[in-house]
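In what follows, a structure is listed as structure tokens, so that the remarks can point back to it.
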Amino acid sequence: MKRFALSPQPFEIAPLREQLLSAHAGAYASFEGWVRDHHGGRAVAGLRYESYAALADSEGERILGEAIERFAIVDARCVHRVGDLAIGELAVWVGVSAAHRDAAFAACRFIIDETKGRVPIWKHERYADGDADWLHPEPPEVS
Amino acid sequence: MKRFALSPQPFEIAPLREQLLSAHAGAYASFEGWVRDHHGGRAVAGLRYESYAALADSEGERILGEAIERFAIVDARCVHRVGDLAIGELAVWVGVSAAHRDAAFAACRFIIDETKGRVPIWKHERYADGDADWLHPEPPEVS
Amino acid sequence: MSLTVLYFASLRDAAGVASESVDADNADLRGLYETLRERHGFALPAERLRVAVDGAFARWDDAPRAGSEVAFIPPVSGG
Amino acid sequence: MSLTVLYFASLRDAAGVASESVDADNADLRGLYETLRERHGFALPAERLRVAVDGAFARWDDAPRAGSEVAFIPPVSGG
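Residue numbers (the working numbering), protein chains in the order written: chain A, 870 to 1012; chain B, 870 to 1012; chain C, 16 to 94; chain D, 16 to 94.
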């Protein structure tokens, strides 16, 4: 089953949420990343997400599989935009259904954290002052 | 501003989420409680939520005000159903917008936990075996 | 003095009414609840409840006020 | 041996191309990256990158394979 997707166009949340509806689930947690008008103190005009699509797909599916193994959840989905995005646009969406809210919240947090940390997607920010930059954050410390 | 509401009818999430859209927010966390087909090992046929409406409204508003004070969020909303609900129906919805995801998740969790713990709403469960019961859970230990 | 009492959930089922007018001579709201608990056979002790007066949470050792609306709040189960 | 290299984000900007065919005689992928880093002036050291071969993450000490597609993955910033 395909639980992760890249979307080159704006996408609707309602049909994705609908895929997670289940009579066995009492809890649903979701997260959305929106394009913000500022970053690190600079005014942002817009951005572009680029991906290594083949590897992003497989790594995204792996993360959702890990979430289903690690947490007592019913199901989960994640969709990430690629291409040009304006301020306020939806960049990433995560949805998780579970019997109880502890697992729903924990898995939702896990999926967005791992997606941000592992999936080959890069953000190119354009600033109001005309500058532009690829974001290549320092990775978290690994033991 | 009214951030908490009781809803005697099924309600749409999209217009509530829309109230939270903001160019300053990079993160949005939401939680939904759905009516589950089982509880404590018993098959549930349906349920009814009853509230002490005046106090539920003021206590709900207080919780959302506390969330805005305690966490670095932009805004938040919560709607709770009352009346008769079928399996799978939306019972409660929480939405939070914030600059960053840490605060969005923490505030969303705070709001649903406090709502479950403090707002005068009671669940009456009907079981598949014909039984029915008011749920009056033991309160958490208070120091 | 006369006041109105509101009952919810299992308390309402036990009392058989959602509200009633009560002639109270208790020193505090805890005493009022104990009187009504005995009358209606409520299972829950006051320690499991909260009490509200005129739509705001109150203290068990507050004195009942004539004409007020007292609500006994059994453990909640929303969400 | 000949293989294809893919560049993304700041690496692509620095290389000026999204992919190129490379004649590699390096013992491992780390050596291949060092050669290409020198050629294109990449700012990022290998320690900041991951490497993938034919669409799957690989190890820096894997040997380059003829005809394979090697991708250097700069620190990601999705979400």
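Backbone N, C-alpha and C fix where the C-beta goes; we use that ideal spot for every residue, glycine too.
In summary, the residues of the stretch 931 to 957 of chain B whose CB is separated from some CB of chain A by less than 8 Å are Ile956 and Gly957, in the order they occur in the chain. Contacts between Asp998/A and chain B, judged by CB atoms closer than 8 Å, are missing: the closest CB pair is about 17 Å apart. The Cβ of Ala30/C sits no closer than 9 Å to any Cβ of chain B. Of the residues Ser927/A, Glu919/A and Thr984/A, the one whose Cα lies closest to the Cα of Glu994/A is Glu919/A. Each residue's CA atom was taken as its position, placing Gly915/A and Ala945/A some 29 Å apart. In this model, Phe873/A and Arg911/A are separated by some 31 Å (Cα to Cα). Taking C-beta separations shorter than 6 Å and ignoring five residues to either side along the sequence, the partners of Arg970/B in its chain run Ala896, following chain order. Residues of chain D whose Cβ lies closer than 8 Å to the Cβ of Trp962/A do not exist, since the nearest Cβ in that chain is about 11 Å away. Distance from the Cα of Gly929/B is smallest, within the candidate group Asp998/B, Asp1002/B, Glu938/B and Arg987/B, for Arg987/B. Cβ-Cβ distances below 6 Å link Ile942/A to Val965, Ala967, Ala972 and Ala976 in the same chain, with the five nearest sequence neighbours on each side left out; the list follows chain order. Here Trp75/D is not bridged, per DSSP, to any residue. The DSSP assignment places complete alpha helix (DSSP H) segments of no fewer than 4 residues inside the stretch 27 to 88 of chain D at 44 to 55, in order along the chain. Residue pairing by DSSP places Gly929/B opposite no residue, since no beta bridge is assigned to it. Note on geometry: alpha-carbon atoms of Val913/B and Arg905/B lie some 7 Å from one another. The Cβ of Gly46/D sits no closer than 9 Å to any Cβ of chain A. Residues of the stretch 911 to 933 of chain A whose Cβ lies closer than 9 Å to any Cβ of chain B: none.
Under the three-state reduction of DSSP, Arg995/A is assigned to strand.
A Cβ-Cβ contact shorter than 9 Å links Glu901/B with Ala960/B. Considering only Asp43/C, Leu26/C, Asn41/C and Ala42/C, the residue with the shortest C-alpha distance to Glu35/C is Leu26/C.
Within chain A, the C-beta atoms nearer than 7 Å to that of Arg978/B come from Phe974, in chain order.
Closer than 9 Å to the CB of Val91/C there is at least one CB belonging to chain B. With contacts defined by Cβ atoms closer than 9 Å, Ser899/B and His949/B do not form a contacting pair. Interface with chain B (9 Å Cβ-Cβ cutoff): Ala61/C is excluded.
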